[in-house]
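Since the structure comes first, as structure tokens, the remarks are kept for the end.
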């Protein structure tokens, strides 16, 4: 008896679910193996595999994403896991911390905290410097952040 095995190191299943499910449905595999799916308990088995298969999973817990590379990758592929981990580390509070420490460096100002964060996660951070004056239109349409209106326009709009 031949055993048909499908193996894929998916490096993030959420973005490939439709392609993989289609491939699985077309072929009759006896065993399907996925590694590095980056799934968590919020994703049900039926979202990525059909009922013909028994699923055995070992999802990575958010609390396990402390290594730098995994943390950077999780910001892109699973931001909820990263923010849940961050919230857990702050004792459940959902506020910006007043102080952040990385190795032997501590930041405690509104500009230093993001700089330290960016230093720790350089692959997902870009330091775009915007000009002092931005154009007020793009392709002839106004930027929403640049629209000016007065009291009379507001009164007319709500009547």
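In this note's numbering, the protein residues as written are 23 to 181. Here a beta-carbon is modelled for each residue, glycine too, at the ideal position from N, C-alpha and C.
Residue i and residue j closer than 8 Å at C-beta
i, j, result
"residue 75", "residue 54", "yes"
"residue 31", "residue 51", "no"
"residue 60", "residue 43", "no"
"residue 81", "residue 62", "yes"
"residue 29", "residue 46", "no"
"residue 58", "residue 79", "no"
"residue 147", "residue 122", "no"
Residue i classed as buried or exposed, judged by whether at least 16 other C-beta atoms fall within 10 angstroms
i, result
"residue 128", "exposed"
"residue 70", "buried"
"residue 131", "exposed"
"residue 66", "exposed"
"residue 172", "exposed"
Whole-angstrom distance between residue j and residue i, CA atom to CA atom
i, j, result
"residue 125", "residue 141", "12 Å"
"residue 145", "residue 136", "14 Å"
"residue 73", "residue 176", "56 Å"
"residue 38", "residue 56", "12 Å"
Residues bridged to residue i (per DSSP)
i, result
"residue 27", "53"
"residue 127", "124"
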